[in-house]
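Numbering (the working numbering), first residue to last: 2 to 180. I have placed the structure first, in the form of C-alpha cells, so that the comments after it can refer back to it.
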Amino acid sequence: MFIPLFQKMVPIISLPNVMRTVRTLALLTTPDLDLVIGFLKCFPCVEKLYIVSYTRMLIKNEQGYVPLECLDRHLKNMQIINYEDNSADVNFVKFFILNARVLESMKFVVRQGQCDTKWIARQHKKLEVHGRASRGATFYFEADATRRMSSLVHTKHIHDLASDPFDESLCGCPGDYFF
Numbered sequence: 002m003f004i005p006l007f008q009k010m011v012p013i014i015s016l017p018n019v020m021r022t023v024r025t026l027a028l029l030t031t032p033d034l035d036l037v038i039g040f041l042k043c044f045p046c047v048e049k050l051y052i053v054s055y056t057r058m059l060i061k062n063e064q065g066y067v068p069l070e071c072l073d074r075h076l077k078n079m080q081i082i083n084y085e086d087n088s089a090d091v092n093f094v095k096f097f098i099l100n101a102r103v104l105e106s107m108k109f110v111v112r113q114g115q116c117d118t119k120w121i122a123r124q125h126k127k128l129e130v131h132g133r134a135s136r137g138a139t140f141y142f143e144a145d146a147t148r149r150m151s152s153l154v155h156t157k158h159i160h161d162l163a164s165d166p167f168d169e170s171l172c173g174c175p176g177d178y179f180f
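Right under this line is the structure:
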C-alpha cells in the first residue's frame, strides 16, 4: 500500500503543492486522524470522503480542532465502511462530526445484525451528534447486506468517479474485486 510512502511525503506539503481539483477521495486505512488530516491538507477541496476502515489496532485519535479548509468549506458527504463500536472508530468519526462545518450527510456501513435501533441510539450519543458543527447534517446507519466488508472496488472502474465508488450495482463486470 502507498500510505506509508505518503506519510513520508506529508511534511513536504506546502500551499503550492496541494491539489485543489480532487473532489472525491476514497481511502483504505486505519482510523488514523493524523494520516487522514495529512491527505486533507494535500486535497483541501474534497467534497466526498470515503473511508474503508480495516484495522482493529488501538489508536487514540485524540485530536481537538484542526483548521482545515476542507472541513471549513468543502466536505459535504462522508461514508465510513466497516465502522465498529470501538474507541478508535468512534473518536475518528467524532472528529469529523464536531469539525466539518458544511457536512450534509454521513453514512456508516456496519456489520449485518449490528445495526438495530438501540445500537444506533447509542452511537448517536457516543459520536456526540448533538454537538455537530453542521446543524443540517444527517447520519445514516446501514447494515452491510453485500460483500462490501470484504470486497472494495472493481479495479477496472477505479477511474470512474461515480457518486459512490463502492456501489457495486454500478458495475456490470464480474470478478476482479479489490485493489
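Just so you know, even glycine gets a beta-carbon here, dropped at the ideal spot from N, CA and C.
- [ ] Would you grab the beta carbon distance between residue 82 and residue 54 for me? Rounded to a whole angstrom, and I think it's under 8 Å.
- [x] Going by Cβ atoms, the distance from residue 82 to residue 54 rounds to 7 Å, so yes, they are a contact pair.
Task: CA nearest to the CA of residue 43, picked from 70, 52, 144 and 120 - done: Of the candidates 70, 52, 144 and 120, the one whose C-alpha sits nearest the C-alpha of residue 43 is 70.
TODO: Look at the alpha carbon of residue 51 and the alpha carbon of residue 143, and state the distance between them as a whole number of angstroms.
DONE: Each residue's alpha carbon lies about 15 Å from the other.
TODO: With distances taken Cα to Cα, identify the nearest neighbour of residue 121 among 24, 86 and 103.
DONE: Out of 24, 86 and 103, 86 has the C-alpha closest to the C-alpha of residue 121.
Open item on the list: Distance cutoff 8 Å, beta carbons only. Does residue 141 sit that close to anything in chain B?
Closed with: In summary, chain B is missing from the structure at hand, where a single protein chain is found.
Open item on the list: Relative to the C-alpha of residue 96, which candidate in 117, 114 and 133 has its C-alpha closest?
Closed with: In terms of Cα proximity to residue 96, the closest of 117, 114 and 133 is 133.
- [ ] Quick one: which unbroken beta strand (DSSP E) runs of 3-plus residues sit fully inside the region 60-89? Chain order, please.
- [x] The region 60-89 contains these whole beta strand (DSSP E) runs: 78-82.
TODO: Please confirm whether any heavy atom of the ligand ZN lies closer than 7 Å to the CB of residue 89.
DONE: With respect to the ligand ZN, the structure shown offers nothing to examine, as it has no ligands at all.
- [ ] Name, in chain order, the residues that DSSP records as bridge partners for residue 141.
- [x] Residue pairing for residue 141: DSSP places it in a beta bridge opposite 108.
Open item on the list: Do residue 47 and residue 84 count as a contact pair if the criterion is CB distance below 8 Å?
Closed with: No, Cβ-Cβ distance for residue 84 and residue 47 is not below 8 Å.
Open item on the list: Is the separation between the beta-carbon of residue 91 and that of residue 128 shorter than 8 Å?
Closed with: Cβ atoms of residue 91 and residue 128: closer than 8 Å.
Task: Cβ-Cβ distance between residue 72 and residue 27 below 8 Å - done: At the C-beta level, residue 72 and residue 27 stay beyond 8 Å of one another.
- [ ] Given a cut-off of 8 Å, decide if residue 74 and residue 49 are closer than it, judged by their beta-carbon atoms.
- [x] No Cβ-Cβ contact shorter than 8 Å links residue 49 with residue 74.
Open item on the list: Rounded to the nearest angstrom, what separates residue 119 and residue 45 at their Cα positions?
Closed with: The straight-line gap from Cα to Cα measures roughly 36 Å.
Task: Which residues DSSP lists as bridging residue 135, in chain order - done: None, per the DSSP bridge assignment.
TODO: Quickly, what does DSSP pair residue 51 with across the bridge? List them, please.
DONE: Looking at the DSSP assignment, residue 51 forms a beta bridge with 27 and 80.
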